[in-house]
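Have a look at the structure below before the remarks.
Protein chains: 2
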Amino acid sequence: MATGRTHRPATRSRGIPEATVARLPLYLRALTALSERSVPTVSSEELAAAAGVNSAKLRKDFSYLGSYGTRGVGYDVEYLVYQISRELGLTQDWPVVIVGIGNLGAALANYGGFASRGFRVAALIDADPAMAGKPVAGIAVQHTDELEHIIGSNGVSIGVIATPAGAAQQVCDRLVAAGVTSILNFAPTVLTVPDGVDVRKVDLSIELQILAFHEQRKAGEEGGPESGAAAPADRAEAAAVGDAAAAVGGDRKGPDGDVPAVMPA
Amino acid sequence: MATGRTHRPATRSRGIPEATVARLPLYLRALTALSERSVPTVSSEELAAAAGVNSAKLRKDFSYLGSYGTRGVGYDVEYLVYQISRELGLTQDWPVVIVGIGNLGAALANYGGFASRGFRVAALIDADPAMAGKPVAGIAVQHTDELEHIIGSNGVSIGVIATPAGAAQQVCDRLVAAGVTSILNFAPTVLTVPDGVDVRKVDLSIELQILAFHEQRKAGEEGGPESGAAAPADRAEAAAVGDAAAAVGGDRKGPDGDVPAVMPA
DNA sequence: ATATGTGAAGGGTTTCACAGCC
DNA sequence: GGCTGTGAAACCCTTCACATAT
Numbered sequence: 442m443a444t445g446r447t448h449r450p451a452t453r454s455r456g457i458p459e460a461t462v463a464r465l466p467l468y469l470r471a472l473t474a475l476s477e478r479s480v481p482t483v484s485s486e487e488l489a490a491a492a493g494v495n496s497a498k499l500r501k502d503f504s505y506l507g508s509y510g511t512r513g514v515g516y517d518v519e520y521l522v523y524q525i526s527r528e529l530g531l532t533q534d535w536p537v538v539i540v541g542i543g544n545l546g547a548a549l550a551n552y553g554g555f556a557s558r559g560f561r562v563a564a565l566i567d568a569d570p571a572m573a574g575k576p577v578a579g580i581a582v583q584h585t586d587e588l589e590h591i592i593g594s595n596g597v598s599i600g601v602i603a604t605p606a607g608a609a610q611q612v613c614d615r616l617v618a619a620g621v622t623s624i625l626n627f628a629p630t631v632l633t634v635p636d637g638v639d640v641r642k643v644d645l646s647i648e649l650q651i652l653a654f655h656e657q658r659k660a661g662e663e664g665g666p667e668s669g670a671a672a673p674a675d676r677a678e679a680a681a682v683g684d685a686a687a688a689v690g691g692d693r694k695g696p697d698g699d700v701p702a703v704m705p706a
Numbered sequence: 442m443a444t445g446r447t448h449r450p451a452t453r454s455r456g457i458p459e460a461t462v463a464r465l466p467l468y469l470r471a472l473t474a475l476s477e478r479s480v481p482t483v484s485s486e487e488l489a490a491a492a493g494v495n496s497a498k499l500r501k502d503f504s505y506l507g508s509y510g511t512r513g514v515g516y517d518v519e520y521l522v523y524q525i526s527r528e529l530g531l532t533q534d535w536p537v538v539i540v541g542i543g544n545l546g547a548a549l550a551n552y553g554g555f556a557s558r559g560f561r562v563a564a565l566i567d568a569d570p571a572m573a574g575k576p577v578a579g580i581a582v583q584h585t586d587e588l589e590h591i592i593g594s595n596g597v598s599i600g601v602i603a604t605p606a607g608a609a610q611q612v613c614d615r616l617v618a619a620g621v622t623s624i625l626n627f628a629p630t631v632l633t634v635p636d637g638v639d640v641r642k643v644d645l646s647i648e649l650q651i652l653a654f655h656e657q658r659k660a661g662e663e664g665g666p667e668s669g670a671a672a673p674a675d676r677a678e679a680a681a682v683g684d685a686a687a688a689v690g691g692d693r694k695g696p697d698g699d700v701p702a703v704m705p706a
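Residue numbers (our numbering), protein chains in the order written: chain A, 442 to 706; chain B, 442 to 706.
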């Protein structure tokens, strides 16, 4: 209830399932590549292979957009590029601001994939006064004090947060108050936002942790499942847990104080 | 069929649903924060709020791991931290290599969230000879020629690809041949890998495109749905599409050649 | 009294398989 | 003949609601 909703269907769109929306950018990328090679048409099979999905899924996805293919032939590449671009809202350009110009923020500012998809970096914002005025990716960094002004005068509705976790919620609140209604969050924190604001998150270390999970399973399989240790330990083990957890915690906290970057509000 | 499987259940784990695995890192983060504040126990309600999920989901998730809570009381924070860490395989440390030390690669090398979760950056690898020997995040960059040697001698099983899209598949092939079985891909390409290798991808621009989709819907709602334009256009419109697509493409390709970073193989 | 653990219901997503159209 | 578009089946995930345990 008090929890910030992290991911809403945003008015349930117009019947296009969320899972489909999430794949449209993939199709678009594959189609753009084909378009650059001047390929006129593709079959669902070919396009699916290029996008890394299966063809039945692709056809179902496209069926939500309309009937854009030709039976017995396939899809017109240029036509589909246009339709998907329009559906995604990429026929207009979206000014975005990036807040937090550290290593990651700078990398994002330099990332070609943004500009190449209709996203224009309208401003770079950082809380460090020493950063103000410095050019990053050809754009002068502005101080956080300017945030509201920048959002307002540029009509920015999409914000990217690349600050340390501790600052993220505060920055988020200011962005939202200034009129931003979509946020891409790179800080490892759960953001709380009012209804009507969309948040998507990218957490670099979470992806690695998911890989580690599967990697561990692979290793365990070689000599058969070591299910003895994996089986639900009986509650008596909890007594020993203080030590075990301390050992783990010790590992995690590591040699130096790297926790600050991970500490939520 | 010829398509590289991008996301496999990897031997179907031991019955822990993929969706649950993907949330374990979230719980772990929230629990770590509580642990640092020396909170001894949490209820599913509190923890769920901190992790940004609903409490029934959290309880179901935990039920796959075992019965780690106490009815009427809640969960022991330290105990849960340990159990989830173990389940994710974070009680051991994972050497990882990062290939492609551009802006993003450097940001990843500097990212505290890796080291703080048991991931150790064993090496940074780049194809540019001029980069060789340069220290990034305190680690000397090594040339791609060393790749196989580095993987082998460090027992690396997780690789991070942050190269331009055009180089990604090639790098991926070499990583896999050298023994890497889990790959985190930041390059905007579909990677093809043999069975038994897991790939997870993070595409920065895809997330923005999904936000743009919802943002567009919000804007459209204000004056009622402009479903006229959104309705499946009849095929005659395809004739005009060449121009429309060109206009879009023109926008996308932008002022300068920013496409190289996005061009798949 | 309070909060977990879990069958059962519900909703969404993927896959199948084939009718329909070129 | 070949390929799209789509009902129907299968599957997975989420949510509900309450039995169960402390």
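Idealized CB from N, CA, C, for every residue including glycine.
Chain-ordered chain B contacts of residue i [CB-CB under 8 Å]
i      : result
A/V643 : V643, L645 and E648
A/A564 : By Cβ distance, chain B contributes nothing, its closest Cβ being about 16 Å from A/A564, past 8 Å.
Nearest-angstrom beta carbon gap, residue j and residue i [assumed within contact, 8 Å]
i      : j      : result
A/A489 : A/L499 : 4 Å
A/L549 : B/G554 : Not really, about 16 Å apart at Cβ, beyond 8 Å.
B/Y727 : B/Q524 : This structure cannot settle anything about residue 727 of chain B, because the visible part of chain B is limited to 442 through 706.
B/V577 : B/A547 : 5 Å
A/L531 : A/R558 : 6 Å
A/V640 : A/L632 : 5 Å
B/V582 : B/L565 : 5 Å
B/E528 : B/L506 : 6 Å
A/V522 : A/L472 : 5 Å
B/Y468 : B/A497 : With a Cβ gap of about 14 Å, B/Y468 and B/A497 do not count as contacting.
A/V643 : B/V643 : 6 Å
Contacts that residue i makes with chain B (C-beta to C-beta distance below 7 Å)
i      : result
A/P629 : R470 and G554
A/K501 : Ordered by position in chain B, no residue passes the 7 Å Cβ test against A/K501, which lies about 16 Å from the chain.
A/V462 : I651 and F654
A/A609 : Ordered by position in chain B, no residue passes the 7 Å Cβ test against A/A609, which lies about 13 Å from the chain.
A/A497 : Residues of chain B passing the Cβ test: none, with the nearest at roughly 13 Å.
Start and end residues, alpha helix (DSSP H) containing residue i
i      : result
B/G546 : N544 to N551
Partners in chain A for residue i, counting only beta-carbon separations shorter than 8 Å
i      : result
B/S479 : Within chain A, no residue comes near B/S479; the closest Cβ sits about 12 Å away, beyond 8 Å.
B/P466 : D644, S646, I647, Q650 and I651
B/R512 : Chain A residues near B/R512: none, gap ~12 Å exceeds 8 Å.
Neighbour list for residue i in chain B, Cβ cutoff strictly below 9 Å
i      : result
A/E656 : A451, G530, W535, S598, I599, T622, S623 and D639
A/A568 : Result: empty, since nearest Cβ-Cβ is about 18 Å, beyond 9 Å.
A/R615 : Within 9 Å Cβ-Cβ: nothing; A/R615 doesn't reach chain B, min ~18 Å.
A/A707 : No answer is possible for residue 707 of chain A: the residues shown for chain A start at 442 and end at 706.
Beta-carbon neighbours of residue i, restricted to chain A and to distances below 9 Å
i      : result
B/N551 : G543, N544 and L545
B/A581 : The premise fails here: B/A581 is roughly 18 Å from chain A at the closest Cβ pair, so nothing lies under 9 Å.
Under 7 Å by beta carbon: chain A residues contacting residue i
i      : result
B/Y458 : Reading the sequence as shown, one finds Pro at residue 458 of chain B and not Tyr. Within 7 Å Cβ-Cβ: nothing; B/P458 doesn't reach chain A, min ~12 Å.
B/A618 : Ordered by position in chain A, no residue passes the 7 Å Cβ test against B/A618, which lies about 17 Å from the chain.
Determine, using beta-carbon pairs with one atom in the region 540-547 of chain B and one in the region 601-611 of chain B, whether at least three such pairs fall under 8 Å.
Yes, the region 540-547 of chain B is in contact with the region 601-611 of chain B.
Return the chain-ordered ranges of every beta strand (DSSP E) run that is complete within the region 561-643 of chain B and spans a minimum of 3 residues.
Listed in chain order, the complete beta strand (DSSP E) runs (minimum 3 residues) inside the region 561-643 of chain B are 580-584, 599-602, 623-626 and 639-642.
Let me know the alpha helix (DSSP H) ranges lying completely inside the region 468-537 of chain B, each 4 residues or longer, listed in chain order.
Taking only runs of at least 4 residues, the alpha helix (DSSP H) segments lying wholly in the region 468-537 of chain B are 485-492, 496-506 and 518-529.
If we count Cβ pairs, one from each stretch, closer than 8 Å, do we get three or more for the region 510-518 of chain A versus the region 461-480 of chain A?
In short, these stretches touch, since the Cβ pair count reaches three.
Could you say if the region 649-657 of chain A and the region 605-625 of chain B meet the contact criterion of at least three C-beta pairs nearer than 8 Å?
A contact exists between the region 649-657 of chain A and the region 605-625 of chain B.
Take every Cβ of the region 583-603 of chain B, pair it with every Cβ of the region 625-635 of chain B, and state whether three or more of those distances are shorter than 8 Å.
With the cut-off at 8 Å, the region 583-603 of chain B and the region 625-635 of chain B touch.
Would you be able to state if there are at least three C-beta pairs under 8 Å between the region 479-486 of chain B and the region 455-462 of chain B?
With the rule of 3 Cβ pairs closer than 8 Å, the region 455-462 of chain B does not count as touching the region 479-486 of chain B.
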